[in-house]
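Participant:
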Amino acid sequence: MSHDEISFHLPPPAALIPAPPAVAAPVMVPLTIDGRAVEVPAGATLIDACKTLDIDVPTLCYLETLTPVNACRVCVVEVEGARVLAPACSRAVEAGMVVKTRSPRVDLSRKLVLELLGSSVDLSTAPGLSGMMHEYGARPDRFQEVLGSPSSVSSVAQPVKIDNHLYVRDYGKCVLCYKCVEACGTDAQNTFAIAVAGRGFAAHISTELDVPLPDSACVYCGNCIAVCPTGALMATPEFELRQAGQWRPETQAVTDTICPYCGVGCTLTVHVQDQQIVKVTSPFDNAVTRGNLCVKGRFGFEYVNRTQSD
Amino acid sequence: MNGADQLCRDLESRFGHAVHRSPCLGQCDRGSAALITRAGSDPERFVLAPVSADEVAKALSAGTVPTVPRVGASANGAGAKIVRRMNVADATSLASYRQHGGYQALAKAIEIGAAAVIAEVSAARLLGRGGAAFPTGRKWDAVAREPARPHYVVCNADESEPGTFKDRVLMEQDPFAVIEAITIGGLATGAERGFIYIRGEYPESERAIAGAIQQARAAGLLGVDVSGTGQAFDIEIRRGGGAYICGEETALFNSIEGKRGEPRSKPPFPAQFGLFGKPTVVNNVETLVNVLDILIDGGDAWSKTGTAGSAGTRLFCLSGHVVTPGLYEIECGQTLRHAIGVAGGIPNGRALQAVLLGGAAGTFVGPDALDMPLSFEGARAANATLGSGVIMVFDETADLMDTLARIAQFFRDESCGQCVPCRVGTVRQAELLQGRDPGSGIRDPGSGIRDPGSAHHSAR
Ligand SMILES: Cc1cc2nc3c(=O)[nH]c(=O)nc-3n(C[C@H](O)[C@H](O)[C@H](O)COP(=O)(O)O)c2cc1C
Ligand code: SF4
Ligand code: SF4
Ligand code: FES
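So, in structure tokens, the structure goes:
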């Protein structure tokens, strides 16, 4: 066997490295928020503008990675000269806008939205909501006080849907923010397993013809769970630990790693409690995943928890 | 009010679950009404009003769609403009429509050209009759200027505001006028396709409009070459599925597109991003029909009727406690007292308690408002709205709290469910109103009933 020269050559250097096409500098739009002047690129929303000024606007149905649906209305702000309040999460900035993020009208509206939700939906597992309730002085119980009995105050209370091994759907906790529908649809997964059905107070998230999840188009990516702001959608391990009173997020170690399954290289955030993986998420600002995973990354961690003898 | 409860009970005892109570079928001039579907491979739908349970049974077993006597409209004051062909021309015949001046406006529009049509409509100061009172000329001009193609024209015939029936009468009695007006809108704004979205509970209107479209096509007034202009324009009918919210223009677009009937966030407005995301003119039936006279009279001359802020006449739907409920064309600026008088006043010498102006989404006014001019500015000054032209009269015997509770129930049932203030707020309002003891007024009015309203008011 002769020792041939390794016939591998680097490609010649490119004569001309193509430059990326020139991008026109964005047109900047000036506006005033809470008395402070700010300039943001055209097409930005009021909430984007508020962020550049570090002004906090409460949101529920908004997420950076999803198309705004402006359904919850807790983010409303006052735009000078407008008849109605504007949802900051979706209203595009206009030159010369004068915006107030807090005013008696804004605060009353936010308080009412919180009271209406708090009186009809179980918000016990919605992070951040009790703080919001407190800040706006929301008292969801006051309807019951006026109407007499709890039973005369309609709510969406209903049994938890447990029809598969990976996640539960507890629609008694659903604020109908549409985020799961968007994540399952064109904003991420393009599976369209769920949509809003019914109307008015009977509107609800449903699979096609309300079939159980295993009979639906669902591929168990869990991207809906990731975006749900109230815990209505919850992976089974977390649900079972909570049922048993053993869900202790303050004790959990949270570690970022790379998914071992395929070459895409999604960032996994692994939540570990008592030496067991109890939940897998992905950061919303991750360039690869934007918070989305597939069934293997999100749910395929059982093998880590097993020992060889299992 | 006119025995609807008794009719429902009679029908339910006969037909059981096949009976579904409806808050309003748009037949307020002749209640109680029933929308009947005869099931089968080729289902037939028709409305009977006023009707008894016996008549419903008879109609169901008969083999044909019954003919219902059509009730026309009356004019007063400035003379019949919009309603002049009603009960005069044969609404089913293009020839008769032409004999009574039909299609002269289209001829004029073709003669003067698109830009001049829009100029006339702007000069007329025509404001939308669907409730929002937006200047029609401005809307048309905005769409005509949009470079994106195609453009669409949509006629909003969803008429689902309780107490409103004007568009139904227009479509049934003068369908060619509606078709001619949509055609003019299309030619003026550069659209080749128009849609008319007809309320699902209006089978009679749908038949009338379908017949008119067919005849207009056959006569070359619709199609690839409208009246020899070389311009194409045609109209398609879409039937609503029984949702009040689909009368809102952007929910209506979603509905036509086959999506869930939910309003979209505005801006962007329909003139930029309307049906199928394209520049779209959307107008109420009555608004469009006014365009015919604007072209024939000239915008300036037309705007001499009515008041400075409200040009022209309006169709008012008078119902409730008046001697002759019906549709009345009244010049803008006449008083509310005049309108009630035109409908014969309040029967049996009873006193007026309140008037619901503008439909369920409108405002109650008391007897002190009788001298309010029926104009956009007059209503605004009285903190009221003319909305879709509803004047529902309640005499001293009416239980207004019951009416209010029904209105709350209506909005609870008709919320699309998208936004929290409406989805939950309308439920809380209905609960607070239903929980009260009869005749006791609103329970603890300080603590709740107005609040959801204010959040809702601030939301959309
Ligand atoms: C809840 C809601 C229901 C509406 N229903 C109707 C309707 O049934 N018919 C109608 O013409 N306009 C209705 N509108 C008004 C339309 O959105 C729109 O303003 C109108 O069709 C524009 O036509 P116009 O300028 O000719 O009035 C409704 C608006 C809202 C907010
Ligand atoms: S798990 Fe994925 S596919 Fe299933 S409903 Fe949620 S987003 Fe849709
Ligand atoms: S299940 Fe969760 S994400 Fe989906 S609509 Fe309800 S609250 Fe929003
Ligand atoms: S966050 Fe803006 S409407 Fe929900």
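Read top to bottom, the protein sequences are chains A and B.
No gaps in the numbering here: position 111 of the first sequence is 111 in this note's numbering, and each next residue is one more.
In this note's numbering, each number is its position in the second sequence, counted from 1, plus 310.
Where a beta carbon is used, it is the ideal one built from N, C-alpha and C, also for glycine.
As the structure is a prediction and not an experimental result, all values here were calculated from the model.
1. Look at the Cβ atom of A:Gly43, then the Cβ atom of A:Ala95, and state whether they are nearer than 8 angstroms.
2. Got a list of residues with beta-carbon closer than 6 angstroms to any non-hydrogen atom of ligand 4, in chain order?
3. Kindly list the residues whose CB is nearer than 7 angstroms to the CB of B:Pro472, restricted to its own chain and excluding five residues on each side of it in sequence; keep chain order.
4. For ligand 1, any of its heavy atoms closer than 7 angstroms to the Cβ of B:Phe721?
5. Is B:Val441 near ligand 1 - that is, is its Cβ less than 7 angstroms away from at least one heavy atom of it?
6. Can you tell me which of the three DSSP states B:Ile640 falls into?
7. From B:Ala434 to B:Gly697, what does the alpha carbon distance come to, in whole angstroms?
8. Buried or exposed for A:Ala19, going by 16 or more other Cβ atoms inside 10 Å?
9. Determine the closest residue to A:Leu63 out of A:Gln273, A:Ile55, A:Asp48 and A:Ser119, with distance taken between C-alpha atoms.
10. For A:Ser124, would you say it is in contact with chain B, using Cβ-to-Cβ distances shorter than 8 angstroms as the test?
11. Can you pull the DSSP bridge partners for B:Thr707?
12. Closer than 7 angstroms to a non-hydrogen atom of ligand 6 - does that hold for the CB of B:Val737?
13. Buried or exposed for B:Gly654, going by 16 or more other Cβ atoms inside 10 Å?
14. Taking the alpha-carbon positions, what's the B:Gly636 to A:Asp187 distance?
15. Can you give me the C-alpha to C-alpha distance between B:Ala344 and B:Met481, rounded to a whole angstrom?
16. Using alpha carbons as the reference points, say which of A:Asn70, A:Thr255 and A:Phe299 lies closest to A:Cys177.
17. Compute the Euclidean distance between the alpha carbons of A:Tyr167 and A:Glu302, then round it to the nearest angstrom.
18. Indicate whether the contact test is met: 3 or more Cβ pairs, each with one atom in the region 698 to 713 of chain B and one in the region 109 to 128 of chain A, closer than 8 angstroms.
19. Compare the Cα-Cα distances from B:Gly551 to each of B:Gln541, B:Glu511, B:Phe543 and B:Ser629 and report the closest residue.
20. Flag this pair as yes or no: are the beta carbons of A:Thr257 and A:Leu241 separated by less than 8 angstroms?
21. Just confirm the distance between the C-beta atoms of B:Gly500 and B:Thr597, as a whole number of angstroms; I'd bet it's less than 8 angstroms.
22. Between A:Tyr136, A:Met97, A:Ala82 and A:Val77, which lies nearest to A:Leu31 when the distance is taken from Cα to Cα?
23. Quick check: what's the CA-CA separation for A:Leu209 versus B:Phe563?
24. Can you give the Cα-Cα distance for A:Ala157 and A:Ala202, rounded to whole angstroms?
25. Tell me, which residues are paired with A:Pro237 by DSSP?
26. In this structure, does DSSP put A:Pro30 in helix, strand or coil?
27. My understanding is that A:Pro229 touches A:Lys179, with C-beta atoms under 8 angstroms, so please give their C-beta distance in whole angstroms.
28. Would you list, in sequence order, the uninterrupted beta strand (DSSP E) runs of no fewer than 3 residues that lie entirely inside the region 663 to 690 of chain B?
29. With DSSP as the reference, label A:Asn164 as helix, strand or coil.
30. I think B:Asn600 touches B:Asp477, with their Cβ atoms under 8 angstroms apart; what is that distance to the nearest whole Å?
31. Should A:Ser206 be flagged as near chain B, meaning a C-beta pair shorter than 8 angstroms?
32. What would DSSP say about A:Val99, mapped onto helix, strand or coil?
33. Between which two residues does the alpha helix (DSSP H) containing A:Glu182 stretch?
34. Roughly how many whole angstroms lie between the Cα atoms of B:Glu687 and B:Leu646?
35. Buried or exposed: which applies to B:Ala417, given that a residue is buried once 16 or more other Cβ atoms fall within 10 Å of its Cβ?
Facilitator: On the basis of the data shown:
1. no
2. A:Thr59, A:Leu60, A:Cys61, A:Tyr62, A:Asn70, A:Ala71, A:Cys72, A:Arg73, A:Val74, A:Cys75, A:Pro87 and A:Cys89
3. Pro333, Cys334, Gly669, Ala670 and Phe720
4. no
5. Residue 441 of chain B is actually Gly in this sequence, not Val. Result yes, Cβ under 7 angstroms from ligand 1.
6. strand
7. 20 angstroms
8. exposed
9. A:Asp48
10. no
11. Paired residue(s): none; B:Thr707 is not in a bridge.
12. Looking for ligand 6 in the displayed structure turns up nothing; the ligands present are ligand 1, ligand 2, ligand 3 and ligand 4.
13. exposed
14. 50 angstroms
15. 19 angstroms
16. A:Asn70
17. 14 angstroms
18. no
19. B:Glu511
20. no
21. B:Gly500 to B:Thr597, Cβ: 19 angstroms. No contact.
22. A:Met97
23. 24 angstroms
24. 12 angstroms
25. Paired residues: none, contrary to the question.
26. strand
27. 7 angstroms
28. 673 to 675
29. coil
30. Contact flag wrong, Cβ pair sits at about 13 angstroms.
31. no
32. strand
33. Lys179 to Cys184
34. 14 angstroms
35. exposed
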